[in-house]
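As structure tokens, the structure follows; a few thoughts come after it.
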Amino acid sequence: MSHHIAVLLLGSNKNNPKKQIDKAISKILNSGCQIVNMSKIIETLPVEFESNNIFCNIALEISTTLSPIKLLKTMKLIENEMGRIHDSSYFGEYKDRDIDIDIVFYDQISFSCKKLYIPHAKHAYEREFSQQLLAELK
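Okay, so the sequence shown: first residue is 95 according to my numbering, each after it adds one.
Shown next, in the form of structure tokens:
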């Protein structure tokens, strides 16, 4: 079984966001992934939508045996288990959320399908807070 390195960005702005991030990290570990490196948690304003709730965000570098699609399915399952019912990839708009888990990088590959784009362009190249978190992993 080969191991792959992936970078995830987690964010939460509902129901005690730091606790939600800790819970998501625990679920990621329970899914068989190993954490190689992690950034500090930072607080940010919502991006691309209006909300009074501040986000907590963190970047994780993980080791996984899962393929990109299986990793996506696993992260979506964790989001669903944690109460996320509104997925912006389906509805095209952002809302407050208990947890959001995005795959930013997977090894050094470029990959795209209907529900997954690697690298995640907005996090990898556009969003300032993402750049700050990703820089901590280097």
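Glycine residues also receive a C-beta, built at the ideal position from the N, C-alpha and C atoms.
In this structure residue 110 is exposed. Its beta-carbon is surrounded by fewer than 16 other beta-carbon atoms within 10 angstroms.
The residue among 115, 208 and 100 with its C-alpha nearest the C-alpha of residue 194 is 115. With contact defined as three or more Cβ pairs closer than 8 Å, the segment 148-163 and the segment 204-214 are in contact. The Cβ-Cβ distance between residue 176 and residue 154 does not fall below 9 Å. Across the structure, residue 173 and residue 118 are spaced so that their CA atoms are roughly 8 Å apart.
Per DSSP, residue 146 lies in no beta strand (DSSP E) segment and is marked neither H nor E.
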